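Take any residue in the sequence shown, count from 1 to its spot, add 884: that is its number in the working numbering. Note that beta-carbon positions come from the ideal geometry of N, C-alpha and C, so glycine has one too. Only a predicted model underlies this, so the values are computations on that prediction, with no experimental measurement involved. Since the structure comes first, as structure tokens, the remarks are kept for the end.
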Amino acid sequence: MLSVEEYTRQAKMCMRCTFCKFIDLNWVKSLRFSRQCPIDTKHAFNLYSPHGLLHSALAELDGSLEFTPKLMDALYKCTLCGACDARCKRNLDIEVLQVIENLRIRCVEQGKGPMPEHKVMADNIRKTHNEYGKPHEDRQKWVGDVKPAKKADIVYFVGCNSAYKQPELARNTAKILKSTGTNFMLLADEWCAGNYVIATGQVDLARELAEHNVKAIEESGAKTVITSSAEVYKSLKVDFPRLLGKSTEDMPYTPLHITEYLDQLMQDGKLSFKKKVDMKITYHDPCNLGRLSEPWQEWVPNYVRVIPIGKVWRRSDRGIYDAPRNILKGIPGIELVEMERNRSNAWCAGSCGGTEIAFPDFALWSAGERIEEAQATGADAIVTASPDVKELLTKAVKAKKVKMAVYDITEIILKAI
Ligand code: SF4
Ligand code: SF4
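Here it is in structure tokens:
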């Protein structure tokens, strides 16, 4: 979390150039798909924009602006997708996303935030350790006939969505691991990883979840943690370390998304896909796996004039973009086509940052925008690597009444194994 001094410094550096509203001109292929900030694209009003929120952060700090319902509407509709952060860092290297995150933390500290739906989610997690308020004892109900090992060097961290809402995705992941001969175990007492808890500014609960889960991983003795949830992956790699005041490399485990793990097996010649999957598909980069998943590096602000000393920048170019594409390209029969906005320029499908929980209609609109972009490629299907995103894109396809199949990447992999 930023100190007030650093928060102010970062917010003040914004020069209102508005570049963060658009993808880089050298990557723009059409006006239709040239914008990148969902709140700005929807509202076209400066409060609903990255620099509008930075400006509001300064105004709130000097007491000239309070957390009014309108400010909170903009602040919590922001999906924390990080597109503005990636874009700004190609110009000025401002920590745009961290300022917006800290503005949410201040909103909670002052007793105004988060939104009522986020408070319900937090209460559910306190009582049942999952977002939905389902019985904690049902967390491993998905297992069925897939038998994880009692003890292994690898833990599969399932996450709330796959454990409760889409158990078939948890079973897919487990079956894929088994089919590659991977010995894995589950945590005896996995809790919600808390991606949307920290995103909504509820830091104390987020820290409690990080402490519990890291302790559970340590006690398991495993050194590698695999997940097929982009949201859990970001928690393991970025949020847990920063909540505990550490860097990713100092954590007692190595976090891997299932696509990274399988891509490595492919590179090592230990995995190849035999079955043909005849499909023209496009891949949607979940923000939590791409832009937001770079390793976290703790840094105590240290400047010589305006030059930060010893800071390792997170500019969204080291996210997990290649691994899922390598896997899809390695499956015979698949034709992979790219949407205009891809990799670090990807449009947010709307489920990040807790936005869908409080503003489902806005999130659905954002997902609908992505579906239109996917349709423009001529693909039969859109594939992603996040249970939450798959769920939202599926809703968008239904709402728009269009013909487009939506898959989680584990579903495609299982067809090919
Ligand atoms: S956040 Fe960065 S890109 Fe956006 S207006 Fe400010 S300086 Fe420009
Ligand atoms: S994080 Fe995403 S939604 Fe929020 S201001 Fe930045 S680009 Fe817009």
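**Message:** Closer than 6 Å to a non-hydrogen atom of ligand 2 - does that hold for the CB of Ile1293?
**Reply:** no
**Prompt:** What is the DSSP secondary structure of Arg919, reduced to helix, strand or coil?
**Reply:** strand
**Message:** Would you say the beta carbon of His935 is closer than 6 Å to some non-hydrogen atom of ligand 1?
**Reply:** yes
**Asked** In its own chain, which residues sit with a C-beta less than 7 Å from the C-beta of Asp1162, not counting the 5 before and 5 after it?
**Response** Gly1217
**Prompt:** Can you find a heavy atom of ligand 2 that lies under 6 Å from the Cβ of Pro922?
**Reply:** yes
**Prompt:** Straight-line CA distance for Ala838 to Ile1297?
**Reply:** Residue 838 is absent from the structure shown; the chain starts at 885 and stops at 1301.
**Request:** For the region 1054 to 1119, list the alpha helix (DSSP H) runs that are entirely contained and at least 4 residues long, ordered along the chain.
**Result:** 1079 to 1083, 1087 to 1104 and 1114 to 1118
**Item:** Beta-bridge partners of Tyr1040, as assigned by DSSP
**Value:** Ile1110
**Request:** To the nearest angstrom, report how far apart Pro1192 and Pro1185 are at their CA atoms.
**Result:** 7 Å
**Request:** Please go through the same chain and pick out, in chain order, the residues whose beta-carbon is closer than 6 Å to the beta-carbon of Asp1292, but skip the five residues on each side of it.
**Result:** Leu1053 and Lys1274
**Message:** Under 6 Å: does the beta carbon of Ile978 sit that close to some heavy atom of ligand 1?
**Reply:** yes
**Prompt:** Along the chain, where does the beta strand (DSSP E) that runs through Asp1292 open and close?
**Reply:** Ala1289 to Asp1292
**Prompt:** Can you tell me whether Asn1067 is buried or exposed, with buried defined as 16 or more other CB within 10 angstroms of its CB?
**Reply:** exposed
**Message:** With a threshold of 7 Å on Cβ separation, who are the neighbours of Pro1170 within its own chain once the five nearest residues in sequence on each side are excluded?
**Reply:** Ala1114, Thr1268, Ala1269, Ser1270 and Val1273
**Request:** May I ask you to verify whether the region 1079 to 1086 touches the region 966 to 984, counting CB pairs closer than 8 Å and requiring at least 3?
**Result:** no
**Request:** Go ahead and label Leu1127 buried or exposed: buried means 16 or more other beta carbons lie within 10 angstroms of its beta carbon, across all protein chains shown.
**Result:** buried
**Buried/exposed call for Pro998, threshold 16 Cβ in 10 Å** = buried
**Asked** What residue range is occupied by the uninterrupted beta strand (DSSP E) comprising Ala1265?
**Response** Ala1265 to Thr1268
**Request:** Tell whether a beta-carbon distance below 7 Å holds between Asp1147 and Asn1210.
**Result:** yes
**Request:** Check the DSSP bridge columns for Glu889 and list the partner residues they point to.
**Result:** According to DSSP, Glu889 bridges with nothing at all.
**Per-residue burial, Asn1045 [other beta carbons within 10 Å of its own, 16 or more giving buried]** = buried
**Prompt:** Beta carbon of Ala1247, beta carbon of Phe1157: below 7 Å?
**Reply:** no
**Message:** By alpha-carbon positions, which one of Ile1110, Ala1094, Lys1034 and Gln1050 ends up nearest to Leu1061?
**Reply:** Ile1110
**Prompt:** For Thr963, is the beta carbon positioned less than 6 Å from some heavy atom of ligand 2?
**Reply:** yes
**Asked** Based on the DSSP secondary-structure assignment, which residues constitute the bridge partners of Leu1140?
**Response** Ile1110
**Asked** What do you reckon, is the C-beta of Cys972 under 6 Å from a heavy atom of ligand 1?
**Response** yes
**Request:** Taking Tyr1167 as part of the alpha helix (DSSP H), name the residues at either end of that continuous run.
**Result:** Run containing Tyr1167: none in the alpha helix (DSSP H); it sits in the beta strand (DSSP E), Met1163 to Tyr1167.
**Request:** Go through the region 1217 to 1269 residue by residue and report every complete run of the beta strand (DSSP E) that reaches 3 residues or more, in order.
**Result:** 1218 to 1221 and 1265 to 1268
**Three-state secondary structure (DSSP) of Ile1009** = helix
**Request:** State the CB to CB distance for the pair Glu1074 and Phe1041, rounded to an integer number of angstroms; the pair is presumed to be in contact (CB under 8 Å).
**Result:** 6 Å
**Asked** Alpha carbon to alpha carbon, what distance is there between Cys898 and Lys862?
**Response** As displayed, the chain neither begins before 885 nor continues past 1301, which places residue 862 out of reach and without an answer.
**Prompt:** Is the beta carbon of Arg900 within less than 6 Å of some heavy atom of ligand 1?
**Reply:** yes
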